[in-house]
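Those protein sequences? They're chains A, B, C, D, E and F, same order as listed. So the first sequence is residues 0 to 247, counted in numbering that gives the first Met the number 0. So the second sequence is residues 0 to 150, counted in numbering that gives the first Met the number 0. So the third sequence is residues 0 to 204, counted in numbering that gives the first Met the number 0. So the fourth sequence is residues 0 to 204, counted in numbering that gives the first Met the number 0. So the fifth sequence is residues 0 to 222, counted in numbering that gives the first Met the number 0. So the sixth sequence is residues 0 to 222, counted in numbering that gives the first Met the number 0. Don't be surprised by glycine CBs; every beta carbon is placed ideally from N, CA and C. Worksheet: the structure to be examined is printed underneath.
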Amino acid sequence: MGRVWSLFHKFASPKWFYEISGKLLPWFVAMTGLVLCTGVVWGLAYAPPDYQQGNAFRIMYIHVPASILAESSYMMMALAGAVGLIWKIKLADLALKTAAPLGASLTFLSIATGAIWGKPIWGTWWVWDARLTSMLVLLFLFVGVIALRSAMENKEAAGKACAILALVGLVNIPIIKMSVEWWFTLHQPSSFKLTEKPAMPPEMWIPLLIMVVGYYSAFATAWMMRIRVEILEQENRTQWVRDRVRTA
Amino acid sequence: MKFGNMKPHRRRRLYVVLFLVVTSSAAVGLTLMALNENINLFYSPQQIASGEAPVGKTIRAGGVVVPGSLRRDESSLLIEFDISDLKTAPLRVAYTGILPDLFREGQGIVALGKVNQQGIFVAEEVLAKHDENYMPPEVAAAIAAAHGESE
Amino acid sequence: MSLEGIGITCERDRRMLFENLDFQVSDGEILRIEGSNGSGKTTLLRIICGLFHSYDGDIKWQGKPISDDFAGYVDQLLYIGHAGGVKESLSPEENLSWLASLQDQEVSQKNIWEALAQVGLWGYEDVLCGSLSAGQKKRVNLARLFLIKAKLWLLDEPFSSIDVDGVKNLEVQIEQHLDGGGIVMLTSHQLLNINHAVRSLLLGY
Amino acid sequence: MSLEGIGITCERDRRMLFENLDFQVSDGEILRIEGSNGSGKTTLLRIICGLFHSYDGDIKWQGKPISDDFAGYVDQLLYIGHAGGVKESLSPEENLSWLASLQDQEVSQKNIWEALAQVGLWGYEDVLCGSLSAGQKKRVNLARLFLIKAKLWLLDEPFSSIDVDGVKNLEVQIEQHLDGGGIVMLTSHQLLNINHAVRSLLLGY
Amino acid sequence: MHNIFFATVRRDLKIAYRNSSDLLNPLAFFFIVVTLFPLGISPSPQVLSGLAPGVLWVAALLATLLSVDGLFKSDYEDGSLEQILISPQPLFMVVLGKVVGHWLVTGFPLTLLTPVLAVMLFLPVDGIIALELTLLIGTPILSLIGAIGAGLTVGLKRGGLLISVLILPLYVPVLILGTLAVQAGVDGQSFAGHLLWMGSLLVMGLGLAPLATAAGLRISASS
Amino acid sequence: MHNIFFATVRRDLKIAYRNSSDLLNPLAFFFIVVTLFPLGISPSPQVLSGLAPGVLWVAALLATLLSVDGLFKSDYEDGSLEQILISPQPLFMVVLGKVVGHWLVTGFPLTLLTPVLAVMLFLPVDGIIALELTLLIGTPILSLIGAIGAGLTVGLKRGGLLISVLILPLYVPVLILGTLAVQAGVDGQSFAGHLLWMGSLLVMGLGLAPLATAAGLRISASS
Ligand code: HEM
Ligand SMILES: Nc1ncnc2c1ncn2[C@@H]1O[C@H](COP(=O)(O)OP(=O)(O)OP(=O)(O)O)[C@@H](O)[C@H]1O
Ligand SMILES: Nc1ncnc2c1ncn2[C@@H]1O[C@H](COP(=O)(O)OP(=O)(O)OP(=O)(O)O)[C@@H](O)[C@H]1O
Ligand SMILES: [Mg+2]
Ligand SMILES: [Mg+2]
């Protein structure tokens, strides 16, 4: 058991991550580019227009993945926080730190595209209903995590404090998810349910699925790159970073 | 209470754990009870018809615009139409203003407004509700056609 | 019983404070941490209390790392830091009473008054601490040494702001604690006049 | 020039601190205020600075009550109190620069660096004061003695938290100030080793 | 054990009583914020009675928020917090004691004061009853959640407003439930569902919030 | 002389920049408080656009109020204030410098942020212009008046809310002028009169408030 743990810790070491991610990164970049291009071209140019919304519905290909990613990035951030708190892994803290601004931007993107979409479809930029409000709360939570970190000087303590805040804020996620079911909202309910087939034809949802995959992969790429930068900054006095900088 | 010859700080910790168990089970119980109650500011035409909704208070109402019920006033922007939940008698809605593009007969809407003494819903805002179904126009036409045939 | 530090290394703001520091204090012993300003004395004491975590190495109490049974460890610990833990809007008596219950010790009003008298605050039991002088506030804090039973004393500059008589009085109390088998670690820029061998732990350089 | 106190009487919380106190310090002289904790040393210094007003008697500077020309008086005054006046989120350099402009004195960066070097903070110019040790913070404050020109120094326990070398260094600076005709009043529970006659003002018996 | 809980409540009440402003200020703040609205928006009874639930809840929330900020601050500054952290007593209980003490000097008197203000804002009687009930359950939740923020920010030089950024988003559900309940009360409808939801939030908070606060304190005070 | 004015402004800006939360928090607080109202009162655009001037002004007022509280606090605690009081420099200038610094990190960015929030509250464009102009003149008044309260309460252990009790009544005229001006803007009427009144308040405040603040500081710090 102890052996397993020490292995786990070794693999979670910044140095190991830096090396592995260095190898993976080009592949991720390539994949992201490929998938996103496919998705964008298919979704924006080739997918059929909606019978009611016409071409306006194409914002879906930006809005929906951004929204999904916003939520999952919060969950990933909280997960990283929990891992960091329990097993005291440095890498987890870096993951938390770098996820926050990414998540905040995705949330902002979701809200912005939603608002742009809402104007022609609903007839308003903004309504104060459960889905939209809980999403705004998510943005505040991300901002809170960022603000807390920037206010604390001690890096280690800041990491743990942010982890706790992220975990506390986790209660918001089911609210976002279920808001369209529990309360009456203007926002539509899910088009995709686990038990039924999607409420749209394949030529509409396949590009959407591709876009979701593309967003995930873009998120992973950006996350990895930011973690790498952080690692270099934080470990800048260790031998291996010095060696690397010298050879570079 | 004494828990054998437990060390004092272990006993203290036990109290904390007991407290946590009690509070979390109480939370679960209350949540289960709460789920049976409805907390919404939204009323269906049926609820409004049966007088459940308060008169003269701003509430949300929603339903499908009954086809053929739309009437426009010649001289002003006043619009009247019926909405229904396809179960009970429709609810009359009066609205002055510009409707969203997606407003069509047979389409879902959400309106914010007040029920007046006559039982008419005076809306100050009408928003088009959009459901989760997307399809290309040809498919929609085909479905509509099929619908028309079968009727 | 003994308190041990093994290979303690601590770095703050990219300055190495101490590296691979070893020490051990056992029953009836006193260790004085010496070093110039900023050499890390307070940091070391806070590490030993479990109030500061960014360090490498092990602090052991009775041979076991303190984190193994932290509650059991702090039960025997009395720490007096730079800041006093003395509330300005409570009287010395109220302050001490709460600090004692924090340590889970039953003390009577009589005990508290005696402890206050010991530190020369007889007659100030009911004055709010906010209107005490710098040295008097410190004395309220130091009264805990006369009130609360604990094996291990960690004292961060206990003599600062205290006048000459007060210092003497404290030294006597430290002697008695050592005689009773207690353990003391302290920092101080002043010399210590007690009839026990005072070992030194030098920080810096 | 001289600072005089005539018949100073002060009572706080219904305790008479001092009654009809007289003192006088002139060019090149030093007066040490002595007394046990709570005897009123800090209060007296704050009275002399014009920071505390509930007293009877007169404080005179150059024979005139200080309130006559307060701005002219404080122009020649440097007070170092229990609390430092050192901002935690500024660096020592920034702190000193502002404190100097508060005293209306032009100082260059070089002056400041020199003063900091004098108090052993060479290399800490740009660290935020929040991450300095207790003694280091105090040293930032004391650096003003090396930076700002003022005739009359009022020092409230300048040696507390300062290590042995630091104390020596300060003593030398005080000597030089006296040699240059300066006036010093200070409180301290520690002895003062300087080659000047140190007169004492004893408070509270 | 529960000793320390009661000792802490007693101590904090004593301190609040000594700094009598601690006791009066949240109330005064609450009062003044509420009176700003008739001035800033409209003195018409019709408008005001519509605003009343929201304004009263928002004001209650801000008053709690601003006072909770100091919950651990003075303990941190004078070193009491260090002593709490290295005491053999469970931190959970000390934190719970402090939160209860806080509620007793803010949320509770505020609940008592509210009817007066509600009348000034022309809230109907049914609404006042709902308001009182929701405040009674809701203000302890606010104190509990606020404590988490206070714990996380205590080591910072000026957490004053940071805490609002951290905590206000978490207050949103309480605010919504509270105002919906009052609205339902005004409209003569049942608000049992709202109260049950709030009750479940409260007991959950009683268990979990002190845990999170304790963790936050350990972190922010030991750096 | 003006040296010390600029040196003080520079120093306070530097400190605010270091505790970057000082810069962001009043803004975030402002933002969040404003969003509480649609949640607590009503999401209806019609209602909200009616509330908008009042809500925005009240929120701006509270954000200033809460941040002004710290204006002298840290100077008092670390002894800087004593040094200021016994410096040969005119206290007036130091105070003015601190107030200007405070406005630059709160009132000014808050004015810049307001249009976004005004749009979210459905305030018409004419109203937004009036709002911006009144905030630009009004927020420095708020800082100036707030400084008086901060000066008077600085010696107290927890003046946090006492200051609101002292200062909020003095804010009332500004609030009323501001909201009336915005209302006039919304209704398409001229609001030059309101602006002139505010302008005269501002210049009066510039002259008198630092005097009062200086006097308050002398009193509360020497006891
Ligand atoms: C500011 C406004 C909006 C916000 C904050 C918002 C937020 C969200 C969020 C959080 C999701 C993810 C749901 C999930 O993970 O299950 C989502 C999904 C979605 N949104 Fe929005 N939305 C907004 C406006 C709109 C508008 C105007 C439309 C179209 C009329 C729209 C259509 C959709 C669709 C189709 C989905 C995918 C639903 C699914 O999971 O199948 N949204 N939105
Ligand atoms: N803020 C205050 N309010 C009321 N009384 C006070 C206040 N500060 C001090 N005192 C009282 O004034 C007396 C003198 O205090 P002062 O601080 O001048 O003493 P001191 O000689 O400087 O003592 P120390 O050596 O401890 O610094 C004390 O007895 C104290 O009780
Ligand atoms: N909060 C902090 N953040 C970062 N570094 C700090 C902090 N506090 C202290 N340090 C650094 O740690 C070093 C040791 O500080 P510490 O307080 O342990 O010194 P000390 O030996 O107690 O000094 P003193 O005799 O002045 O009390 C100092 O160089 C200081 O710069
Ligand atoms: Mg120290
Ligand atoms: Mg003193």
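Residue i CB to nearest heavy atom of ligand 7 below 7 Å
{"i": "residue 36(D)", "result": "Absence of ligand 7 is noted for the structure shown, with ligand 1, ligand 2, ligand 3, ligand 4 and ligand 5 being the only ligands found."}
Bridge-paired residues (DSSP) for residue i
{"i": "residue 11(C)", "result": "14(C)"}
{"i": "residue 182(D)", "result": "151(D)"}
{"i": "residue 80(B)", "result": "92(B)"}
{"i": "residue 71(B)", "result": "78(B)"}
{"i": "residue 201(D)", "result": "33(D)"}
{"i": "residue 110(B)", "result": "60(B), 125(B)"}
Cβ neighbours of residue i in the same chain (closer than 8 Å, five flanking residues each side left out)
{"i": "residue 155(E)", "result": "161, 219"}
{"i": "residue 194(E)", "result": "132, 133, 136, 180"}
{"i": "residue 41(F)", "result": "47"}
{"i": "residue 88(C)", "result": "127, 128, 129"}
{"i": "residue 109(E)", "result": "25, 26, 29, 59, 62, 63, 134, 138"}
Residue i in three-state terms, based on DSSP
{"i": "residue 25(A)", "result": "helix"}
{"i": "residue 55(B)", "result": "coil"}
{"i": "residue 128(A)", "result": "coil"}
{"i": "residue 127(B)", "result": "strand"}
{"i": "residue 32(D)", "result": "strand"}
{"i": "residue 35(B)", "result": "coil"}
{"i": "residue 196(A)", "result": "coil"}
{"i": "residue 158(F)", "result": "Legend: pLDDT at residue 158(F) = 49, less than 50; position of this residue unreliable, no value from coordinates given."}
{"i": "residue 60(A)", "result": "helix"}
{"i": "residue 233(A)", "result": "helix"}
{"i": "residue 76(F)", "result": "helix"}
{"i": "residue 102(D)", "result": "coil"}
Same chain only: Cβ atoms within 6 Å of residue i, ignoring 5 sequence neighbours per side
{"i": "residue 83(F)", "result": "93"}
{"i": "residue 203(F)", "result": "none"}
Nearest-angstrom Cβ-Cβ length linking residue i and residue j, presumed shorter than 8 Å
{"i": "residue 223(E)", "j": "residue 48(E)", "result": "Residue numbering for chain E in the displayed model covers 0 to 222; residue 223(E) lies beyond these limits and cannot be assessed."}
{"i": "residue 117(F)", "j": "residue 103(F)", "result": "Contact doesn't hold; Cβ gap of about 22 Å is too wide."}
{"i": "residue 128(E)", "j": "residue 208(E)", "result": "Between residue 208(E) and residue 128(E) the Cβ distance is about 27 Å, and since that is not below 8 Å, they are no contact."}
{"i": "residue 143(F)", "j": "residue 30(F)", "result": "So it is not a contact: roughly 24 Å between Cβ atoms."}
{"i": "residue 73(C)", "j": "residue 87(E)", "result": "5 Å"}
{"i": "residue 34(C)", "j": "residue 153(C)", "result": "16 Å between Cβ atoms; not a contact."}
Residues near residue i by beta carbon distance below 7 Å, same chain, minus five either side
{"i": "residue 213(E)", "result": "90, 91, 94"}
{"i": "residue 151(F)", "result": "165, 215, 219"}
{"i": "residue 89(A)", "result": "13"}
{"i": "residue 109(B)", "result": "59, 61, 126, 128"}
{"i": "residue 120(A)", "result": "52, 55"}
Cβ pair residue i, residue j closer than 8 Å
{"i": "residue 220(A)", "j": "residue 56(A)", "result": "no"}
{"i": "residue 139(C)", "j": "residue 94(C)", "result": "yes"}
{"i": "residue 83(D)", "j": "residue 137(D)", "result": "yes"}
{"i": "residue 134(C)", "j": "residue 173(C)", "result": "no"}
{"i": "residue 88(B)", "j": "residue 122(B)", "result": "no"}
{"i": "residue 159(A)", "j": "residue 84(A)", "result": "yes"}
{"i": "residue 162(A)", "j": "residue 38(A)", "result": "no"}
Residue-level contact to chain H via CB, residue i, 8 Å cutoff
{"i": "residue 121(E)", "result": "Here chain H cannot be found, since the structure's protein chains are A, B, C, D, E and F."}
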